[in-house]
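Step one of this worksheet: look at the structure below.
There are 2 protein chains.
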Amino acid sequence: MVDYVMILGFVAGAFTTFSFLPQTFKSIKTKSTKDISWYMLIILISGLVLWMVYGIIIGSSPLAVWNFISLLTTAPMAVLKLKYG
Amino acid sequence: MVDYVMILGFVAGAFTTFSFLPQTFKSIKTKSTKDISWYMLIILISGLVLWMVYGIIIGSSPLAVWNFISLLTTAPMAVLKLKYG
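From first to last, the protein sequence lines are chains X and P. 1 is the number of the first residue of the first sequence in this note's numbering; add one for each residue after it. 86 is the number of the first residue of the second sequence in this note's numbering; add one for each residue after it.
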C-alpha cells in the first residue's frame, strides 16, 4: 500500500527546501553575500541539524532526509560568506 | 518525565522559524518587496501548510505548531508583496 502520509512529508520538504534554492543560486552567481547575516545563517544551520536529529529520533524519514538536503544547499552560503564576507 | 525529544523538536523549530523573522521585519520596515519573488513565497507557504498537515497526521506537535507559527510570520510578506508589488 502506498504510504500517502510519507508522500505528503516528502512533497512538503521538496517545497520548503526548493523555495530557498534561488537564494543559494543568487549568491553563487553574484559572488556577493554582504546582505546575508551570519546570525541568520548560524541559526538556520543549527535549526536544520536539530530538525534532522529530531526526524531520525521520531522515525520520520521526510524530516531527516529533507533537512539533510537543506543543509547541503545552505552550506555553500556559509562557504561563500566566509570567502566574500 | 521530561520529553527530551519533544523539547528537541521545539528548539529546532524555534531556530528555523526565527532565522526567517529578520526578512519579514526588513520588508515591513522598508515597505519594499520587489526583490522577493511570488514564486518563492507561494512555494514556501504551500510547503509550510503541507508540513503542518504532515505534523498533525504523524502526531508531531513541534512540526504542527512551528509550521503554523511560520505561516503567521510569512503571511505578512505575501500581504506586503500584494500591496507594494
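A virtual CB, placed ideally from N, CA and C, is assigned to each residue, including glycine.
With respect to the alpha helix (DSSP H) encompassing residue i, which residues constitute its N-terminal and C-terminal limits?
i, result
"Gly-47 (chain X)", "38 to 58"
"Ser-19 (chain X)", "From DSSP, Ser-19 (chain X) is part of no alpha helix (DSSP H); its letter is neither H nor E."
"Val-65 (chain X)", "61 to 84"
Give the DSSP-derived three-state secondary structure of residue i in the structure shown.
i, result
"Thr-118 (chain P)", "coil"
"Gly-94 (chain P)", "helix"
Using a Cβ-Cβ distance cut-off of 9 Å, determine whether residue i contacts chain B.
i, result
"Ile-128 (chain P)", "No chain B appears in this structure, whose protein chains are X and P."
Just to confirm before moving on: does the CB-CB distance between residue i and residue j stay below 9 Å?
i, j, result
"Val-150 (chain P)", "Gly-98 (chain P)", "yes"
"Phe-15 (chain X)", "Ser-145 (chain P)", "no"
"Ile-121 (chain P)", "Met-162 (chain P)", "yes"
"Lys-166 (chain P)", "Thr-118 (chain P)", "yes"
"Leu-129 (chain P)", "Ser-19 (chain X)", "yes"
"Ile-171 (chain P)", "Leu-8 (chain X)", "Absent from the model: residue 171 (chain P). The displayed extent of chain P is 86 to 170, so no value can be given."
Which one of the options has the shortest CA to CA distance from residue i?
i, options, result
"Lys-83 (chain X)", "X:Thr-30, X:Ser-70 and X:Ser-46", "X:Thr-30"
"Leu-126 (chain P)", "P:Tyr-139, P:Thr-109 and P:Val-138", "P:Thr-109"
"Leu-106 (chain P)", "P:Val-96, P:Ile-154 and P:Asp-88", "P:Ile-154"
"Leu-63 (chain X)", "X:Ser-27, X:Thr-73 and X:Trp-51", "X:Trp-51"
"Ala-75 (chain X)", "X:Trp-38, X:Gly-9, X:Tyr-4 and X:Val-2", "X:Trp-38"
"Val-96 (chain P)", "X:Val-53, X:Phe-10 and X:Asp-3", "X:Val-53"
- Item | Interface positions of the segment 103 to 120 of chain P facing chain X (Cβ-Cβ less than 7 Å), listed along the chain | For the segment 103 to 120 of chain P, the set of positions with a beta-carbon nearer than 7 Å to some beta-carbon of chain X reads Phe-103, Ser-104 and Pro-107 in chain order.
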